[in-house]
């Protein structure tokens, strides 16, 4: 905690070449992996069938996965939702596609899940109260089908396109805002940091072939906002220091600004990571992708605010004259608010 209580004097800009090398390696690896392997899109984007199942008793996710594997279903996505008796099964779209094949697939899923109990569904049973035959007796099924949904590949493709456009619009809006709020060099530095964060975060999912779903896309958009907030704080302090530290050079002014905001950056990042890590470890399968994307994004976003945005602004040739307010006729510069 000594780092937080006292202002540091770390030469961050002096390590900009090392940071550039690290960032370049990560970005090249991310882009290469994306071009070669692509992303492991979930059924939100590729289309597929979702089956919600209710059990009479508590059921373990691993038990459901093993049962489906024995029934011939390869790598289904199985998650608890609501309670430990409610299970959501997601399966990729069949080659034939369509709602009819989704209905057949859901029936096959239910047959596989009921097989360990020896139950056979009574075809005329009420969908709201399904009954099965077990040992010649009719009773409520121990495994009930709650809901079936089919997501077509066309809808999934549209979601992917709209998600990509959402990120592009967000970056464009940020570029416009920071340009008017600060100065164009700061705007470009902020955008480079955001692109850096997005590319590496998505690249991690590509390199490890983790499922990329709508919640993960939402996490990437959240990372853009988080990283921008931290970058703007640093940029604002740099601008203030240009007006206060009249006898210092540009690198010293920028290093001072980063060191002054470092306690705030560390506290914000550590507290955010604490929450995200808790979600990652104990949040369950449903939000694992979301929390992992946030975890990676917060780490990369904190790094880029220090080692990407500021060095980029310096490389673009920022000077004291760019930051000093315009001197009005008959008024001293120091008198400006």
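Residue numbers (the working numbering): 1130 to 1466. Note that CB positions come from ideal geometry on N, CA and C, so glycine has one too. Since this is a predicted model, take the numbers as computed values, not measurements.
| Item | Value |
| --- | --- |
| Close Cβ partners of residue 1224 (< 6 Å) along its chain, the five nearest in sequence each way excluded | Low local confidence applies: a pLDDT of 44 at residue 1224 is under 50, so the model's placement there is unreliable, and no value is given. |
| Rounded separation between residue 1133 and residue 1404 - CA only | Its pLDDT being 48, under 50, residue 1133 is placed unreliably by the model, and the measurement read from it follows with that caveat. Near 20 Å, if we compare the C-alpha coordinates of residue 1404 and residue 1133. |
| Close Cβ partners of residue 1213 (< 6 Å) along its chain, the five nearest in sequence each way excluded | 1187 |
| Boundaries of the beta strand (DSSP E) in which residue 1467 is found, first to last residue | In the structure as shown, the chain starts at 1130 and stops at 1466, and residue 1467 therefore has no counterpart that could be examined. |
| Exposure of residue 1337, with buried meaning 16 or more beta-carbon neighbours within 10 Å | exposed |
| Anticipated Cβ contact below 8 Å, residue 1341 with residue 1170, distance rounded | 5 Å |
| From 1402, 1440 and 1250, residue whose alpha carbon lies closest to that of residue 1423 | 1402 |
| Distance, residue 1199 Cα to residue 1162 Cα | 33 Å |
| Option in 1250, 1357, 1433 and 1420 with minimal Cα separation from residue 1153 | 1433 |
| Spatial distance of residue 1141 from residue 1176 (CA atoms) | 46 Å |
| Integer Cβ distance of residue 1168 from residue 1334, believed to fall under 8 Å | 6 Å |
| Assigned exposure category for residue 1227 - 16 Cβ within 10 Å defines buried | With a pLDDT of only 49 at residue 1227, under 50, the local geometry of the prediction cannot be trusted, and the value read off the model is given with reservation. The residue in question, residue 1227, is exposed, as its Cβ has fewer than 16 Cβ neighbours within 10 Å. |
| Residue 1290, buried or exposed, once every other Cβ within 10 Å from all chains shown has been counted against 16 | exposed |
| Cutoff 7 Å; reference residue 1344; Cβ partners in own chain excluding five residues on either side | 1416, 1418 and 1419 |
| Every unbroken alpha helix (DSSP H) inside the region 1348-1424 [4 residues or more] | 1379-1411 |
| For residue 1215: DSSP bridge partner residues | 1183 |
| Residue 1366 to residue 1391 span [Cα, whole Å] | 11 Å |
| Beta strand (DSSP E) segment containing residue 1266, residue limits | 1266-1269 |
| Spatially closest choice to residue 1385 from 1435, 1298, 1278 and 1195, by CA coordinates | 1435 |
| Buried or exposed (CB count within 10 angstroms, at least 16 for buried), residue 1136 | exposed |
| Residues that residue 1279 bridges to, as DSSP identifies them | 1178 |
| Spatial distance of residue 1149 from residue 1437 (CA atoms) | 8 Å |
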